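Structure first, then comments.
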Amino acid sequence: MEPLIREARPEDKPFIEEIARLTWDGEDYLAKVFDDWLKDGGFYVLELEGKVISTAKMTLLPEKVGWLEGLRVHPDYRGRGYGRKLHSFMLELGERLAREGKIEALEFATYFLNRESIAMAKKDGFKIVERFYYVQRALGDGEKPKPSKSDSLEELDYKGYIPYGWKFLHRCEESLRWLNRKAEIREYKGLKFLYVPMHENEPAFTPFKLSTESIKTLLPAMSFEARKIGYDSVDMMLPEDKSDLIEPLKELGFKNWTDFKEPDVLVFRKKL
Numbered sequence: 063m064e065p066l067i068r069e070a071r072p073e074d075k076p077f078i079e080e081i082a083r084l085t086w087d088g089e090d091y092l093a094k095v096f097d098d099w100l101k102d103g104g105f106y107v108l109e110l111e112g113k114v115i116s117t118a119k120m121t122l123l124p125e126k127v128g129w130l131e132g133l134r135v136h137p138d139y140r141g142r143g144y145g146r147k148l149h150s151f152m153l154e155l156g157e158r159l160a161r162e163g164k165i166e167a168l169e170f171a172t173y174f175l176n177r178e179s180i181a182m183a184k185k186d187g188f189k190i191v192e193r194f195y196y197v198q199r200a201l202g203d204g205e206k207p208k209p210s211k212s213d214s215l216e217e218l219d220y221k222g223y224i225p226y227g228w229k230f231l232h233r234c235e236e237s238l239r240w241l242n243r244k245a246e247i248r249e250y251k252g253l254k255f256l257y258v259p260m261h262e263n264e265p266a267f268t269p270f271k272l273s274t275e276s277i278k279t280l281l282p283a284m285s286f287e288a289r290k291i292g293y294d295s296v297d298m299m300l301p302e303d304k305s306d307l308i309e310p311l312k313e314l315g316f317k318n319w320t321d322f323k324e325p326d327v328l329v330f331r332k333k334l
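The sequence shown begins at 63 in our numbering and counts up one residue at a time.
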């Protein structure tokens with residue numbers, strides 16, 4: 063039977079939960095975001111003989127970006143071309159949305175050792191446009207911050223892309239409005255940070271100011287918010303151009319999957 067690619071439906075949830083349970087040692091966020099992605103649209107599955115075995119999502123971001131995420135294949139069906147088939151479908155969807163004037167480029171982020179996805183992306187014309195270090199620290203004592211908003215892009219120490227969990231937004235006014243509408247923005251001792259709601263993505267934290275002192279000051283507030291949402295660490299995306307903060311972050315207890323040998327999160331872009 064030929065595989066069928068279609069939009070995801072509520073009854074697909076058990077299949078998606080099974081894929082998530084078998085991915086990244088059961089730590090995949092796919093099951094947590096299922097309801098939100100279903101509501102948002104652009105969420106597709108590949109069905110084979112009545113069973114959903116692959117997923118992919120396109121989220122529309124500011125500056126006419128089609129953000130690709132959630133490409134998964136059930137472990138029992140990997141290596142048979144199903145992921146490639148669904149990925150090709152998403153590229154065709156992107157081309158159609160570009161013709162309709164809804165997007166101008168496709169972008170996505172991935173771990174630097176995800177060789178299969180990287181090779182596939184480069185073959186399809188994607189280029190690396192930004193690199194980040196994914197850093198983590200155990201929770202410390204927590205203190206409650208207050209809700210806040212961002213008044214200006216000048217508050218944010220990010221040049222090209224602003225981290226929003228595992229999504230990355232172009233630094234522009236539209237993104238600022240987008241973040242004020244969707245992100246959890248908090249203020250503590252005159253400093254601000256944001257994070258992604260758990261129902262959208264992994265909740266990595268984005269301090270507005272990237273300095274040793276500001277991150278150190280915000281640790282109790284970020285620990286409080288992480289603990290509140292059931293997360294067991296403070297995670298952040300550190301831009302490659304801020305590598306001077308690596309040693310101070312180590313002293314604050316932050317670790318990295320590669321011990322900071324090189325940036326391990328890559329942002330790809332393909333102009334349409």
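For each residue, glycine too, the CB sits at the ideal point set by N, CA and C. Here the structure is a predicted model, which means the values were calculated and not measured.
Item to check | Rounded Cβ spacing between G143 and M120 (contact assumed at less than 8 angstroms) | outcome: No, G143 and M120 are not in contact; Cβ-Cβ is about 20 angstroms, not under 8 angstroms.
Checklist entry - Which ranges would you report for the beta strand (DSSP E) in the region 225–261 if only whole runs of at least 3 residues count? => result 229–232, 246–250 and 253–257
Checklist entry - Which whole runs of the alpha helix (DSSP H) in the region 122–191 are 4 residues long or more, in chain order? => result 144–161 and 177–185
Checklist entry - If you check the beta carbons only, do F330 and A200 fall under 7 angstroms apart? => result no
Item to check | Delimiting residues of the beta strand (DSSP E) encompassing S212 | outcome: Careful: S212 lies outside any beta strand (DSSP E) and carries neither H nor E.
Checklist entry - Among residues of its own chain, excluding the 5 on either side of T85, which ones have a beta-carbon nearer than 8 angstroms to its beta-carbon? => result L92, R134 and P137
Checklist entry - What are the partner residues of V327, as DSSP defines its beta bridges? => result Y173 and F194
Checklist entry - The beta strand (DSSP E) with P301 in it runs from where to where? => result S295 to P301
Next on the checklist: Considering only their Cβ atoms, is the gap separating S210 from R248 smaller than 7 angstroms?
Outcome noted: yes
Item to check | C-alpha gap between L218 and L66, whole angstroms | outcome: 43 angstroms
Next on the checklist: Rounding to the nearest angstrom, what Cα-Cα distance links I178 and K208 in this structure?
Outcome noted: The residue you asked about is not Ile; residue 178 is Glu in the sequence shown. Cα-Cα distance, rounded: 42 angstroms.
Checklist entry - Which residues mark the beginning and the end of the beta strand (DSSP E) in which T268 is found? => result F267 to P269
Next on the checklist: Can you tell me whether G252 is buried or exposed? The criterion is at least 16 other CB atoms within 10 Å of its CB, across all chains shown.
Outcome noted: exposed
Item to check | Secondary structure of E378, DSSP reduced to three states | outcome: What the structure shows of the chain is the stretch from 63 to 334, and residue 378 is not part of that stretch, so it cannot be assessed.
Checklist entry - Whose CA, out of S305, D97 and F270, lies closest to the CA of T196? => result According to the sequence shown, residue 196 is Tyr rather than Thr. Closest option to Y196, Cα to Cα, is S305.
Checklist entry - Looking only at DSSP bridge pairs, what is T274 linked to? => result DSSP lists no partner for T274.
Item to check | Beta-carbon proximity of M298 to F322, cut-off 7 angstroms | outcome: no
Checklist entry - Straight-line CA distance for R158 to S276? => result 44 angstroms
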